[in-house]
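So the sequence lines, in the order shown, correspond to chains A and B. Residue numbering for the first sequence follows our numbering, starting at 1440 and increasing by one per position. Residue numbering for the second sequence follows our numbering, starting at 1440 and increasing by one per position.
There are 2 protein chains.
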Amino acid sequence: MTSSTRRGRSPEGRAEVRRGLVAAAARLFTERGYDDTTVDDIAAAAGVGRRTFFRYFRGKEDALSPDHGRGLARIGEVFAGAHPDEPLPSLALRAAETVFGLYTEDPEVARLRFALVGTVPALRDREAASVHHYRRLFTRELAVRLAGQPDGELRAAVTAAALVAAHNQALRRWLADGAREADLPACVDHFRRVAPMLPLAGATEPDLADLTRRLERAAQVLERNPDRQTG
Amino acid sequence: MTSSTRRGRSPEGRAEVRRGLVAAAARLFTERGYDDTTVDDIAAAAGVGRRTFFRYFRGKEDALSPDHGRGLARIGEVFAGAHPDEPLPSLALRAAETVFGLYTEDPEVARLRFALVGTVPALRDREAASVHHYRRLFTRELAVRLAGQPDGELRAAVTAAALVAAHNQALRRWLADGAREADLPACVDHFRRVAPMLPLAGATEPDLADLTRRLERAAQVLERNPDRQTG
DNA sequence: ATGCTAACGGCACTCCGTGCCACAGAGCAA
DNA sequence: TTGCTCTGTGGCACGGAGTGCCGTTAGCAT
């Protein structure tokens, strides 16, 4: 596949080596399965030493990832740079777009990753941890905005979890549909359709029950006095 | 600490060995830190062989856990045995009580676990994976109830995530306050206070706006015709 | 007492991840 | 050209996790 010349000495070389490792990992994982593929196999298939593999990835689980750390850092920047008055759906949307952007870099690997994450326990756990981090970032951002309000922390946690769930749902559907960049606007629309339901998480059941009860009584009154309706 | 007599041959013996391993792990983790404690250390401190440790726990990360698998299985039973018409808050509460029950078995270890999970990355990731599994169970249960409804899957994912977040918030506060069994009713109340807000996540913003508008109009009518009120 | 069952624990192995270090290619300076 | 540094490489070895194998032994039934 590659000559025996030393690569990785230039930025382009390093990018080439990285792509080679990702490609080798993707191929071997699909051919033999994740557990039956060792780091040595991946490194050998990519034509580099085992030691070099660990200079490009933290471990086997990262061999397919577009670097979770970098992605989370980007999301963190989105949150950190956000104006406190920015509407929540807008902020959620921008964070979602950032994450989507990470996957458009290599749709082929994204699809494979999606398939593997659904089947390999180790990758599933890693993904869960990554999403957990994302959720925490979001929760903190919301907690700042809800500081001082009753049940502020609680509402922040609940709302952030709901937003992240909506985000994941959109991301999963997008990946299941092939992760085509053309489908991204439709997918973002899908997410946008979810966002409005979330601010309601601040209400309480008695509020709604009372609202409904009063509304029913009012409806009866309205029915009997149609001419007395206002505006 | 213990005699050199063989233990673990009877169910009581096995329970004793298990407690010994958990106690040793807890002590060593706090003394030296998680990373600087090896499985050999724990096994030796508990007076058993290294090989035996792995017959009681899947790995080092499980040495403090009251067996996530067992807990998740219990929650699964709660969901599986639930009547489809059981109100959602009730189901959520029963699931939460099940989880709380897992922690009351040994509050001391629960507190230590809580502290370690907050600081050790490996344990944090494992906890995230466990919660992720819990969330998936809940999502599936809700998806069954919302099957056929518009955005059923989406609403199931969002609502389950919100419920689990509320649950975690209650659990965290309870653990931070010392995980005393006496505080459990108050904590469940805390959770109960949150649960009612969640079914609203199924509503949409236009619904609430319309509801509010109609209510305001009805209130005006009621104000003008107090004597015409029904029931 | 004898045999059965199940748990123990030691041994050895694979794999992961890392520290250490010698080596080689690129770039620069004289 | 020669020599130097700088940086990525990869081989080596080590510690630790987790597992299969197997002889040993306690507890129990017959």
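Beta carbons: idealized from backbone N, C-alpha and C, even for Gly. These numbers were taken from a predicted model, which means no experiment stands behind them.
- With the rule of 3 Cβ pairs closer than 8 angstroms, the stretch 1488-1503 of chain B counts as touching the stretch 1454-1467 of chain B.
- In the assembly as shown, residue 1479 (chain B) is an exposed residue. Its beta-carbon has fewer than 16 other beta-carbons within 10 Å.
- Measuring C-alpha to C-alpha distances from residue 1604 (chain B) to each of A:1612, A:1511, A:1592, A:1614 identifies A:1592 as the nearest.
- Spatial neighbours of residue 1599 (chain A) in its own chain (CB-CB distance under 7 angstroms, excluding positions within 5 residues in sequence) are listed in chain order as 1574, 1577, 1578, 1581.
- In this chain, the alpha helix (DSSP H) harbouring residue 1578 (chain A) covers 1560-1584.
- In the structure shown, residue 1534 (chain B) falls within a helical segment according to DSSP collapsed to helix, strand and coil.
- Taken atom to atom, the span from the alpha-carbon of residue 1569 (chain B) to that of residue 1614 (chain B) is near 17 angstroms.
- Residue environment: residue 1558 (chain B) is assigned as exposed (fewer than 16 neighbouring CB atoms within 10 Å of its CB, all protein chains considered).
- For the set B:1584, B:1451, B:1485, B:1590, the Cα lying nearest the Cα of residue 1518 (chain B) is the one of B:1584.
- One Cα belongs to residue 1541 (chain A), the other to residue 1457 (chain B), and the distance between them is close to 45 angstroms.
- Using beta-carbon distances, residue 1507 (chain B) does not count as an interface residue toward chain A, since no partner is under 8 angstroms.
- Its chain contains 1456, 1457, 1460 as the residues whose beta carbon lies nearer than 7 angstroms to that of residue 1495 (chain A), once the 5 sequence neighbours on both sides are disregarded; these appear in chain order.
- The contact set of residue 1605 (chain A) on chain B, defined by CB atoms closer than 8 angstroms, consists of 1593, 1596, 1597 in chain order.
- Annotation: Cβ neighbours of residue 1567 (chain B) in chain A (cutoff 7 angstroms, chain order): 1567, 1568, 1571.
- Contact of residue 1601 (chain A) with chain B by beta-carbon distance below 7 angstroms involves 1597, 1600, 1601, 1640.
- Residue 1529 (chain B) sits in a helix when the DSSP states are folded into three classes.
- Leaving aside the five residues that flank residue 1493 (chain A) on each side, the residues in its chain whose CB is nearer than 8 angstroms to its CB run, in chain order, 1478.
- Per DSSP, residue 1473 (chain B) lies in no alpha helix (DSSP H) and is assigned neither H nor E.
- Residues of chain B whose Cβ lies closer than 8 angstroms to the Cβ of residue 1608 (chain A) are, in chain order, 1592, 1593, 1596, 1597.
- Note on geometry: alpha-carbon atoms of residue 1487 (chain A) and residue 1499 (chain A) lie some 15 angstroms from one another.
- Judged by beta-carbon spacing, residue 1510 (chain B) lies within the 8 angstroms limit of residue 1538 (chain B), meaning their Cβ atoms are closer than that value.
- Within chain A, no C-beta atom comes nearer than 9 angstroms to that of residue 1480 (chain B); the closest sits roughly 24 angstroms away.
- Under the 10 Å beta carbon count, residue 1476 (chain A) is surrounded by 16 or more other beta carbons and is classified as buried.
- Linking residue 1608 (chain B) to residue 1616 (chain A) through their CA atoms gives a straight-line distance of about 34 angstroms.
- Annotated three-state conformation of residue 1483 (chain A) is helix, per DSSP.
- For residue 1587 (chain B) and residue 1491 (chain B), the gap between their C-alpha atoms comes out near 50 angstroms.
- Taking 8 angstroms as the CB threshold, residue 1501 (chain A) stays off the interface with chain B.
- Separation of residue 1564 (chain B) and residue 1572 (chain B) (C-alpha to C-alpha, rounded to the nearest whole angstrom) is 12 angstroms.
- Each residue's CA atom was taken as its position, placing residue 1552 (chain A) and residue 1469 (chain A) some 10 angstroms apart.
- Annotated three-state conformation of residue 1616 (chain A) is coil, per DSSP.
- At least one CB of chain B lies nearer than 8 angstroms to the CB of residue 1564 (chain A).
- Across the set B:1555, B:1474, B:1485, B:1473, the C-alpha of B:1485 shows the shortest separation from the C-alpha of residue 1454 (chain B).
- Annotation for residue 1590 (chain A): no residue places its beta carbon closer than 7 angstroms to its own, counting only its chain and skipping 5 residues before and after.
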